[in-house]
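> For what it's worth, UniProt numbering labels the leading residue of the sequence shown as 1, then goes sequentially.
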Amino acid sequence: MEDRPKFAFVGNSHMAFWALNIYFPQWECMNYGAPGEGLAYVESFSVDTSDCYVVVQFGTNDIYRLNDENADEYVERYVKAVLAIPSLKTYLFCIFPRNDYDDYSTAVNKFIRMLNQKIHARLEGTEIVCLDVFDRLLQHGRLNPGLTIDDLHLNGKGYSILSDALKKAVNG
Numbered sequence: 001m002e003d004r005p006k007f008a009f010v011g012n013s014h015m016a017f018w019a020l021n022i023y024f025p026q027w028e029c030m031n032y033g034a035p036g037e038g039l040a041y042v043e044s045f046s047v048d049t050s051d052c053y054v055v056v057q058f059g060t061n062d063i064y065r066l067n068d069e070n071a072d073e074y075v076e077r078y079v080k081a082v083l084a085i086p087s088l089k090t091y092l093f094c095i096f097p098r099n100d101y102d103d104y105s106t107a108v109n110k111f112i113r114m115l116n117q118k119i120h121a122r123l124e125g126t127e128i129v130c131l132d133v134f135d136r137l138l139q140h141g142r143l144n145p146g147l148t149i150d151d152l153h154l155n156g157k158g159y160s161i162l163s164d165a166l167k168k169a170v171n172g
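This is how it looks when you write it as C-alpha cells:
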C-alpha cells in the first residue's frame with residue numbers, strides 16, 4: 001500500500017474544528033489546532049512537522065490586541081512564526097473575517113484585509129503558499145453568516161471553501 005501524504009494543521013479553532021478525515025480521507029492528517037489561540041501559540045509550536053505538509057491559519061484571536069501602531073510588528077512576528085514551522089511545504093490561509101461586533105461594523109474586516117495584504121507581501125519570494133479565501137468568506141463586508149455556525153466559526157459550507165482551496169493548491 002502506498003503511503004498517504006502527511007499533513008499537519010496548525011492554528012486556532014478554525015483548524016481544531018475542521019473535520020479533516022471527512023474532507024481529506026486520502027491524507028494522513030494531524031490536527032494541532034487549539035481553540036482561542038493565536039500568534040503566541042504558533043511562535044511556541046515545537047512539534048517536529050518536518051516530514052509533513054503544514055497548513056496554518058491563525059490571527060482572528062489576536063485582532064483585539066492590534067491597532068495601526070502595532071500592526072507592522074505583529075506582521076513581522078506572524079511571518080517569522082510561520083516560517084519557523086518545519087515542513088515539506090507550508091500552506092498559509094489568510095486571517096479570516098469575523099463578525100462579533102454589535103454594531104454590524106465592517107471596520108474589523110477592513111483591518112484584517114490590511115493585515116492579510118501586509119503578510120502576503122512579506123511572504124513574497126518565500127516557499128510559503130498563501131491561500132487567500134478572505135473574499136470568498138465575505139458577504140457585504142462581513143463574514144457570511146451562511147458559512148458559520150455562530151457568526152465566527154465555520155460550518156460545512158465554510159469548510160468546503162477551505163478544503164477546495166487547499167486541494168487546488170496541493171494538486172495545482
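Where a beta carbon is used, it is the ideal one built from N, C-alpha and C, also for glycine. Note that the coordinates shown come from a computational prediction; the quantities given were computed from them, not determined experimentally.
When the Cβ atoms of the segment 71-85 are set against those of the segment 133-141, are three or more pairs found closer than 8 Å?
Result no; under three Cβ-Cβ pairs closer than 8 Å.
> Please list, in chain order, all residues of the same chain as cysteine 29 whose beta carbon is under 7 Å from its beta carbon, the five residues on each side excluded.
So the qualifying residues of the chain are Phe7, Phe9, Leu20, Asn21.
> Check each candidate in Gly125, Leu147, Arg113 and name the one with the smallest Cα separation from aspartate 68.
Aspartate 68 has its Cα closest to that of Arg113, out of Gly125, Leu147, Arg113.
> Asparagine 12: buried (16+ other C-beta within 10 angstroms of its C-beta) or exposed?
The residue in question, asparagine 12, is buried, as its Cβ has 16 or more Cβ neighbours within 10 Å.
> Looking at the unbroken alpha helix (DSSP H) that takes in tyrosine 53, where does it start and where does it end?
Looking at the DSSP string, tyrosine 53 is not in any alpha helix (DSSP H); the run it does join, the beta strand (DSSP E), is 53-57.
> Restricting to runs no shorter than 4 residues, where is the alpha helix (DSSP H) found entirely within the UniProt domain "SGNH hydrolase-type esterase" (53-160)?
As far as the UniProt domain "SGNH hydrolase-type esterase" (53-160) is concerned, its whole alpha helix (DSSP H) runs of at least 4 residues are 71-84, 107-123, 134-137.
> Do the segment 42-50 and the segment 113-130 meet, that is, are 3 or more Cβ pairs less than 8 Å apart?
At 8 Å Cβ cutoff, the stretches do not touch.
> Buried or exposed for glycine 59, going by 16 or more other Cβ atoms inside 10 Å?
It is buried - the Cβ of glycine 59 has at least 16 other Cβ atoms within 10 Å.
> Can you name the residues that DSSP bridges to phenylalanine 7?
Beta-bridge pairing links phenylalanine 7 to Cys29, Tyr53.
> Output the distance between the C-alpha atoms of glycine 38 and tyrosine 74, rounded to the nearest integer angstrom.
Cα to Cα, the separation comes out at about 11 Å.
> Taking the alpha helix (DSSP H) that serine 13 belongs to, which residues open and close that run?
Unbroken alpha helix (DSSP H) run through serine 13: 13-16.
> Any idea if tyrosine 64 is buried or exposed, counting beta-carbon neighbours within 10 angstroms, 16 or more meaning buried?
It is exposed - the Cβ of tyrosine 64 has fewer than 16 other Cβ atoms within 10 Å.
> Once DSSP output is grouped into helix, strand and coil, what is the label at alanine 19?
Three-state result, alanine 19: coil.
> Nearest CA to the CA of aspartate 62: which residue from Val42, Val55, Val54, Cys52?
Measuring from the Cα of aspartate 62, the nearest candidate turns out to be Val42.
> With a Cβ-Cβ cutoff of 8 Å, do leucine 131 and leucine 92 count as a contact?
Against a cut-off of 8 Å, the Cβ pair of leucine 92 and leucine 131 comes out as a contact.
> For valine 47, which three-state DSSP category applies?
In the structure shown, valine 47 sits in coil (DSSP, three-state: anything other than H, G, I, E or B).
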